[in-house]
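To start, the structure itself, in structure tokens.
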Amino acid sequence: MRQFLKKHKALHIWLGVATGLLVLFLLLRYVRPVMNFWVFSVALSFRQGMGRVTGLVRFSVAELIVLLLLLTMLGLLIREIVRIRRKKQSLGAGLYRMVAGCLAIVVTVISSFSLLYGANFYADNFQERTGIFAQDATVEDLERVTVRFAEGLNNTAHLVVRDEAGVVAVPIQQMFNESIDVFRPLEDVFPFLTMRDRLPKPLAISPFMALTDYVGFYFPFTGEANINTLMPLSQMPSTILHEFAHQRGISSENEANFVAILAGVKSDNPTFAYSAYLMGYNYLANALNRVAPERFQAIHATLPNYVHADLDDIRAYHARRNPVAQRVTNIMNDHMLRSYGEASGVQSYGEVVDLLIAYF
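Each residue of the sequence shown is one higher than the one before, starting from 16 at the first, in this note's numbering.
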């Protein structure tokens with residue numbers, strides 16, 4: 016037994032360290048002062064620093080890392096199989112190394128993700144840092160804010176470049192280039208959001224993401240905002256701002272949506288303002304339609320044809336999703352959010368309505 020442990024010493028040390036870090040996180044996650052120090056003095060600075068480094072290249076380093084990780088796991092499995100076939104080790108030892116090696120990689124990813132990103136869910140959130148708290152509201156409040164966002168759409172829809180069908184047609188690279196200045200006005204209001212933005216990263220796996228509900232993701236290991244380039248262009252600016260909010264330490268999905276909407280509507284960029292109003296309107300209108308469909312219909316009828324064209328484009332895009340891929344990715348995201356205390360899981364994206372009503 017001692018010889019066996021010595022032979023696999025490096026693997027056991029690796030697995031032990033990764034497991035120890037995960038256990039340490041689980042033990043300390045509810046100690047708010049520790050989490051605040053770790054998140055705002057260490058993890059956030061590291062992630063933003065990595066963003067500056069990876070921002071030097073145009074491709075998604077996140078995609079490259081995930082690919083290399085999968086290839087590494089496959090390589091480990093192939094190597095052990097070859098060693099078993101060549102009689103260089105027993106079947107039992109080979110299987111042990113395969114399982115332990117893959118487990119070490121998985122635990123390392125989970126513990127690293129928890130320390131770099133999951134810890135945010137246990138530190139002071141945006142509402143606690145600003146005093147803007149989501150709260151229950153009346154149907155009248157919901158209607159009032161929905162009207163305000165409909166007016167915002169009316170005021171900005173005609174300012175956005177469109178194709179012959181009336182759908183947003185702003186070039187993707189132009190959106191990427193303009194995105195780095197959009198947060199400035201909101202940073203004046205909330206200085207703790209201040210950071211230097213880097214260009215978002217277009218994803219090579221966008222065709223796969225188009226089969227799911229994913230329109231983008233933030234990768235804490237590289238600090239990158241990764242964007243599905245096949246999504247409706249009317250939604251892309253607000254999606255970029257959502258991922259930029261994550262870069263600023265906003266982990267909760269409802270808060271990230273809220274910050275993205277605020278950044279867009281407060282900017283002087285019509286493309287981003289329109290997309291932000293569209294994101295907010297969709298959440299508000301869906302909520303209003305559930306409780307007062309006649310009031311929703313009255314407001315919806317005031318929208319210009321440009322907005323209806325974009326809403327039709329969004330519906331057509333989502334109709335092309337693969338139900339299996341959509342369900343699998345939603346379950347994965349839901350479990351990830353719930354594991355870090357986001358009790359509503361993927362439903363938390365829509366809870367931005369309560370924040371919008373409280374603010375506006």
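C-beta atoms are modelled at their ideal positions from N, C-alpha and C, and glycine is treated no differently.
Keep in mind the model is a prediction, meaning the values are calculated, not measured.
**Asked** When the Cα of H257 is compared with those of Y233, V114, L71, which residue comes out closest?
**Response** When only C-alpha atoms are compared, the closest one is Y233.
**Asked** Assuming L91 contacts C117 under a Cβ cut-off of 8 Å, what Cβ separation, rounded to an integer in Å, is found between them?
**Response** Indeed, because the Cβ distance is near 7 Å, the residues count as touching under 8 Å.
**Asked** Of the residues A271, P222, P247, L226, which one's Cα is nearest the Cα of A240?
**Response** Checking every option, the nearest Cα to that of A240 belongs to A271.
**Request:** Could you tell me the distance, in whole angstroms, from the CA atom of V176 to the CA atom of Q262?
**Result:** Distance between the alpha carbons of V176 and Q262: 28 Å.
**Through-space distance from F236 to A77, alpha-carbon basis** = Cα-Cα distance, rounded: 8 Å.
**Item:** Closest Cα partner of R112 within the set M294, F287, A225, L30
**Value:** In terms of CA proximity to R112, L30 leads the group M294, F287, A225, L30.
**Contacting residues, own chain, Cβ-Cβ under 6 Å from T13 (five flanking each side not counted)** = Because the chain spans 16 through 375 in this model, residue 13 falls outside it and cannot be assessed.
**Request:** In the DSSP assignment, find the alpha helix (DSSP H) that holds A275 and state where it starts and stops.
**Result:** According to the DSSP assignment, A275 belongs to the alpha helix (DSSP H) that extends over 268 to 281.
**Prompt:** What residue range is occupied by the uninterrupted beta strand (DSSP E) comprising N241?
**Reply:** Note, N241: beta strand (DSSP E), 239 to 242.
**Request:** Ignoring anything shorter than 4 residues or poking outside the stretch 156 to 225, list the alpha helix (DSSP H) runs there in chain order.
**Result:** Runs of alpha helix (DSSP H) with 4 or more residues, each lying fully within the stretch 156 to 225, are found at 187 to 194, 199 to 204, 221 to 224, listed in chain order.
**Segment contact, 8 Å Cβ cut-off, at least three pairs: the stretch 221 to 233 with the stretch 194 to 204** = A contact is defined here as three or more CB-CB pairs under 8 Å, and the stretch 221 to 233 fails this definition with respect to the stretch 194 to 204.
**Prompt:** For the beta strand (DSSP E) that contains Y233, what are its first and last residues?
**Reply:** Its beta strand (DSSP E) spans residues 231 to 234.
**Item:** Residue closest to L277, alpha-carbon to alpha-carbon, out of E268, G264, G295, S266
**Value:** For the options E268, G264, G295, S266, the alpha carbon positioned closest to that of L277 is the one of G295.
**Item:** Bounding residues of the alpha helix (DSSP H) (the contiguous stretch that carries F52)
**Value:** Counting along the chain, the alpha helix (DSSP H) containing F52 begins and ends at 47 to 52.
**Request:** With L303 as the anchor, note down where its alpha helix (DSSP H) starts and where it stops.
**Result:** Per DSSP, L303 is one residue of the alpha helix (DSSP H) stretching across 285 to 306.
**Request:** Using a threshold of 8 Å, state whether the C-beta atoms of A172 and T317 are closer than that.
**Result:** Taking 8 Å as the Cβ cut-off, A172 and T317 do not qualify as a contacting pair.
**Request:** Answer yes if the stretch 44 to 55 comes into contact with the stretch 126 to 145, meaning at least three C-beta pairs across the two stretches below 8 Å, and no otherwise.
**Result:** Yes, they touch.
**Asked** Exposed or buried, which one is V368 when buried takes at least 16 other CB atoms within 10 Å?
**Response** Classification of V368: buried, given that the 10 Å Cβ count is 16 or more.
**Message:** What residue range does the alpha helix (DSSP H) around M246 cover?
**Reply:** No alpha helix (DSSP H) contains M246, which DSSP labels as neither H nor E.
**Asked** Going by Cα to Cα distance, which pick from I255, D327, N192 is closest to A180?
**Response** Nearest to A180 by C-alpha distance, out of I255, D327, N192, is D327.
**Message:** So for R330, helix, strand or coil by DSSP?
**Reply:** Helix.
**Asked** I99 lies in the alpha helix (DSSP H); which residues open and close that run?
**Response** Per DSSP, the continuous alpha helix (DSSP H) segment holding I99 begins and ends at 76 to 100.
**Prompt:** For G107, does the three-state DSSP call read helix, strand or coil?
**Reply:** G107: helix per DSSP, three-state reduction.
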